[in-house]
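Residue numbers (the working numbering), protein chains in the order written: chain A, 61 to 834; chain B, 735 to 1024. Backbone N, C-alpha and C fix where the C-beta goes; we use that ideal spot for every residue, glycine too. So the structure is just underneath, and the comments pick up after that.
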Ligand SMILES: Cc1cc2nc3c(=O)[nH]c(=O)nc-3n(C[C@H](O)[C@H](O)[C@H](O)COP(=O)(O)OP(=O)(O)OC[C@H]3O[C@@H](n4cnc5c(N)ncnc54)[C@H](O)[C@@H]3O)c2cc1C
């Protein structure tokens, strides 16, 4: 039995009923008096000069109120989470197909659509680059003048001496792995409504916004106003997965510019096609790994060279690729490491944050490589990994000693592989000789993952708990619900800490005018960071209430417990008061029953030149094992069963942890066998879900979630993280299982029909990036 | 999309009048699962839609006579897949309908719509080919009956004239000696347009021995096709797994696929052969019984 009252229990999500009954309000459900509709004209070519932009005809169409272009922007022309390089509207040059050229604002979306066709743009096409290797080759066209060699960023990491390490190795393998461009595929396309405020130059923006504070900063910059003139209110989110950050900031900014120009509310809702064309994606990586090991199976050296396709703008590339450089060797002790990760500009759709954030790519490479190396060594992949796995006190590639938390890698690997029957099945299936019909295989992959932002940036978050005179509670948080269950988790933490009932808490949607800037809801940091802030706030208020209860119950403060809606004397629980009566009394005594909680992450460090340092303050460990069936006649891979073991520190809500596992495994499966945004010379070909295929409920295999709890010293009640680790492991587990089933090693994602059957894809409708190197 | 007229006729005569009145400016809407996509993508623009959901003459699944089953154009995939009559006398069609899209699509999409769309990847069509069904067409000049194989002229092209519509399909019943299968290959388990599909019907003369062999492929040519080379090779020959593999390989002679986003030409050719082979193998293991 859990020693907690609310935390660590599988409580139903507080937003479940409103979501399944369709009552939840999404951005497109909002309507305001006099509201106008904005429709965006996008680039015709991925890279072109704009010679002339004539909007007069469109402006004359009855029902059109304004046509907005770069010339209407009062403040910053461009935005970006790291560098402000993405224009809200392009002025002279398009860099990718999703660029906005102009926006019609009209009485109805239909009129706006018709007006789009009346805008005349004259382009001069410019030379293009779609391939990262071409972009970094000598003499390549320079896409951005401040970035020589088209390099967005370069992260080196040096540990030991790889030359020596390879000399000491008996076996050295070199392999190249590549991953594809991936769409977040949230069910709700991007949307925002900007409403001009009563006071001059103020604006409120409602939207499907992952990070209200980022959106506020961008909107304020574009309007050229101070932060307090912009209020952002987050609506119910129809998914985000990292995807509704800078792209939505740009949409909010367009709506805000139009709202202030017309003096009326302006709504923008992307169609699915626009969403897929405009929104940033997960980076495709080209990863060259060289690895050396001794005959008895000890890793000696790894040399890693990675090119990440950033597409047209910087976006989150420096942060995404930073996680890659930290974790590129995987959760293994490697004494000598040389890693170089580059973000590279092209004219492809730009890439940014997506669930996993630079880890799914490298884990596909490194976990495929571990199996390949084990095979070369004649070792069982499980034994080989266990021999090299991080253990308590191991040293990472960046020189960090893992001694401040429980290093549970071996535990999760053993649990996941046992649940799938890995060892026995692998041996049995390795005998498969069939080149026809259906064969089975098993495989697994393991990872370690730094929690929260790490040395990436400022890491702090706030929450506000306010108890009302009747004992009910408002809870505000600076980190936002993205559909992951944050409202429920935070309410549980607040209830546990206050000692009130879970039902007494009302979680308020995130509003930037109420709560301090807490950074972004990213990097699986909400529970650890925001949860700690909630706990801090609740604790402050509890102390006030305990003081009042102590007085009324006539017992020392320290001897009173607050739990489950009651406050009682430990020795004599019959001496007790209802939480609500304590609140009423405290109010009557004029006590402050509200508090802001704040949590700042422990210190971390990073040396940019050597890639050494304490990258993250704590880590989580995960392992997913899969059993698959491969049809040798068609190349079809069916995932039959997945076991997913994740150390979450402490499961604040085991049901939502399992929910994250089911969702993450499903997304990981899409990454592994189905999904790929196809670009042909920078032009998006897969524009809707009839061509961009994600798993349906029929494809989801049996999933066995295994929650491992080793409480952490930092997170609330020992909680760490679960959101992203669930989505980074299945693709390599499937690739390893396919090898076990039919002896085919596939080093490029996804493992779709043609690639599994033939080893490469024949489909012609692809850009250079899609061409397989056999 | 402002101002599109929707008419809901109550009889076939009324429908024909509307078709004549509007001509090519009107489209029939049955389940709408193809048409609404076209409307949204603005592939076509119509002034009027004629909803045939309330026309009794295009509804129902029944015995036309002792040798034929009649399926009204407005019958949904779900209705056909669960009809005992179809399952008993034309199981290959029930099987194909059961593999269309998803439950939602099967509940709305109709056989008339599937035929009229004339996609080479339409899943009911290979089944109708091997059943040697005929399409009943009604127009201003009355009814005409067109063998299913003559109905299609190319991708999205058929012999239907603007003022005509499909009334239903007539299917010769298969007796108990016939054996059949329908297989489709898609990238995932549901909501997947066929990369290749194959339908097979034959009279089972004993284990591995078939006559009156009919094989049709979808998505490997501008229209669904009958694979006569394969049919001739299977007919009357004693099949075992080895010969099954050999005859299946002949399929590529009948197929002229293209490369598109779902699959390449080369892959499709191989898959036509392999899908047929997998189907034949499964027949060999169960035809021992007949
Ligand atoms: C998500 C999705 C998945 C799908 N999956 C599949 C699949 O797996 N396999 C497959 O084969 N198809 C699939 N389809 C396509 C479609 O569902 C089928 O072709 C369906 O049978 C069309 O029938 P309908 O009644 O909806 O046609 P509608 O959309 O109503 O009509 C289609 C066309 O036929 C014409 N038409 C309809 N009825 C008649 C008639 N009686 N006489 C003359 N013309 C007529 C219409 O004018 C229109 O041009 C899918 C579609 C969607 C949207």
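Compute the beta-carbon to beta-carbon distance between residue i and residue j, rounded to the nearest angstrom, for a pair I have assumed lies under 8 Å.
i                      : j                      : result
residue 351 of chain A : residue 362 of chain A : 5 Å
residue 150 of chain A : residue 189 of chain A : Actually they do not touch by this definition, with Cβ atoms about 18 Å apart.
residue 378 of chain A : residue 142 of chain A : 5 Å
Whose Cβ in chain B lies nearer than 8 Å to the Cβ of residue i?
i                      : result
residue 440 of chain A : The contacting residues do not exist; residue 440 of chain A stays about 32 Å from chain B at best.
residue 817 of chain A : 1001, 1004
Determine the burial state of residue i: buried for a count of at least 16 other Cβ atoms within 10 Å of its Cβ, exposed for fewer.
i                      : result
residue 438 of chain A : exposed
residue 726 of chain A : buried
residue 862 of chain B : buried
residue 962 of chain B : exposed
residue 808 of chain B : buried
residue 177 of chain A : exposed
residue 831 of chain A : Unreliable placement is indicated for residue 831 of chain A, whose pLDDT of 38 sits below 50; no coordinate value is reported for it.
residue 578 of chain A : buried
residue 552 of chain A : buried
residue 596 of chain A : buried
residue 770 of chain B : exposed
residue 617 of chain A : exposed
residue 892 of chain B : buried
residue 374 of chain A : buried
residue 834 of chain A : Confidence is the limiting factor: at residue 834 of chain A the pLDDT is only 31, short of 50, which leaves the residue's position unreliable and the question unanswerable from this model.
residue 744 of chain B : exposed
Using a Cβ cut-off of 7 Å, pull out every chain A residue sitting near residue i, in sequence order please.
i                       : result
residue 870 of chain B  : Here the premise fails: no neighbours, minimum Cβ distance about 31 Å.
residue 921 of chain B  : 734, 753, 812, 813
residue 1012 of chain B : 693
Can you list the residues of chain B that residue i reaches, using a CB-CB cut of under 7 Å?
i                      : result
residue 751 of chain A : 995
By the criterion of Cβ-Cβ separation under 9 Å, what are the contact partners of residue i in chain B?
i                      : result
residue 745 of chain A : 995
residue 738 of chain A : 995
residue 756 of chain A : 836, 922, 923, 924, 925, 926
residue 176 of chain A : Chain B residues near residue 176 of chain A: none, gap ~13 Å exceeds 9 Å.
residue 759 of chain A : 922, 923, 924
Mind pulling the chain A residues with CB within less than 8 Å of residue i?
i                       : result
residue 1008 of chain B : 693, 694
Tell me, please, whether the segment 376-388 of chain A touches the segment 212-221 of chain A by the rule of three or more beta-carbon pairs shorter than 8 Å.
Flag = yes, the segment 376-388 of chain A and the segment 212-221 of chain A touch.
Report the start-end ranges of each alpha helix (DSSP H) in the segment 278-318 of chain A that is 4 residues or longer and not cut off at the edges.
Taken in chain order, no unbroken stretch of alpha helix (DSSP H) lies wholly in the segment 278-318 of chain A with a span of 4 residues or more.
So if I threshold CB-CB distances at 7 Å, which residues from the segment 744-774 of chain B count as touching chain E?
Of the protein chains in the structure, A and B, none is chain E.
Please give the ranges of any beta strand (DSSP E) in the segment 344-387 of chain A, keeping only runs that are unbroken, at least 3 residues long and fully inside the region.
Within the segment 344-387 of chain A, complete beta strand (DSSP E) segments of at least 3 residues are found at 345-353, 359-371, given in chain order.
Whole beta strand (DSSP E) runs in the segment 798-883 of chain B with 3 or more residues, listed along the chain?
Whole beta strand (DSSP E) segments, 3+ residues: 802-806, 868-873, 876-881.
Examine the Cβ distances between the segment 598-609 of chain A and the segment 522-540 of chain A and report whether three or more of them are shorter than 8 Å.
The segment 598-609 of chain A and the segment 522-540 of chain A touch, with no fewer than 3 CB-CB distances between them shorter than 8 Å.
Sequence ranges, alpha helix (DSSP H) only - wholly within the segment 201-272 of chain A, length at least 4:
Secondary structure within the segment 201-272 of chain A: the alpha helix (DSSP H) runs of 4 or more consecutive residues, fully enclosed, are 222-228 (chain order).
Take every Cβ of the segment 696-712 of chain A, pair it with every Cβ of the segment 724-738 of chain A, and state whether three or more of those distances are shorter than 8 Å.
Counting C-beta pairs closer than 8 Å gives three or more between the segment 696-712 of chain A and the segment 724-738 of chain A, which meets the contact rule.
Is the number of C-beta pairs between the segment 313-332 of chain A and the segment 388-404 of chain A that are closer than 8 Å three or more?
Result no; under three Cβ-Cβ pairs closer than 8 Å.
Taking one C-beta from the segment 480-487 of chain A and one from the segment 496-510 of chain A each time, how about it: are there three or more such pairs within less than 8 Å?
Yes: the two stretches touch, three or more of their Cβ pairs being nearer than 8 Å.
Below 8 Å, can you find three or more Cβ-Cβ pairs linking the segment 400-416 of chain A to the segment 289-302 of chain A?
Contact holds: three or more Cβ-Cβ distances are below 8 Å.
Stretch-stretch touch, CB-based, cutoff 8 Å, three pairs: the segment 96-105 of chain A with the segment 153-169 of chain A
Yes, they touch.
Kindly provide the ranges of any beta strand (DSSP E) runs that are 3 or more residues long and lie completely inside the segment 441-522 of chain A, ordered along the chain.
For the segment 441-522 of chain A, whole beta strand (DSSP E) runs of length 3 or above, ordered along the chain, are 498-510.
Give, in chain order, every unbroken run of the alpha helix (DSSP H) that is at least 4 residues long and sits entirely within the segment 569-633 of chain A.
The segment 569-633 of chain A contains these whole alpha helix (DSSP H) runs: 591-613.
The segment 539-557 of chain A / the segment 714-721 of chain A touching (three or more Cβ pairs under 8 Å)
Yes: at least three Cβ pairs fall under 8 Å.
Can you find at least 3 beta carbon pairs, one from the segment 765-778 of chain A and one from the segment 877-884 of chain B, that sit closer than 8 Å?
Segments in contact, no.
Closer than 8 Å is the cut-off here; do at least three beta carbon pairs connect the segment 547-558 of chain A with the segment 72-80 of chain A?
The segment 547-558 of chain A makes contact with the segment 72-80 of chain A, as at least three CB pairs between them are under 8 Å.
Runs of beta strand (DSSP E) lying entirely within the segment 929-962 of chain B, each at least 3 residues, in chain order
Qualifying beta strand (DSSP E) stretches, in chain order: 930-940, 943-952.
Would the segment 765-774 of chain A count as touching the segment 701-713 of chain A if we require 3 or more Cβ pairs under 8 Å?
Flag = yes, the segment 765-774 of chain A and the segment 701-713 of chain A touch.
Curious, which full-length alpha helix (DSSP H) runs of at least 4 residues does the segment 763-822 of chain A contain?
The qualifying runs are 790-802, 813-818.
So does the segment 458-468 of chain A actually touch the segment 748-767 of chain A, counting three or more Cβ pairs closer than 8 Å?
No, because fewer than three Cβ pairs between the segment 458-468 of chain A and the segment 748-767 of chain A fall closer than 8 Å, the two stretches do not touch.
I want to know whether the segment 329-343 of chain A touches the segment 190-200 of chain A - three or more CB-CB distances under 8 Å.
The segment 329-343 of chain A, when compared against the segment 190-200 of chain A, does not touch it at the 8 Å Cβ threshold.
Does the segment 933-943 of chain B touch the segment 970-978 of chain B, meaning 3 or more C-beta pairs lie closer than 8 Å?
With the cut-off at 8 Å, the segment 970-978 of chain B and the segment 933-943 of chain B touch.
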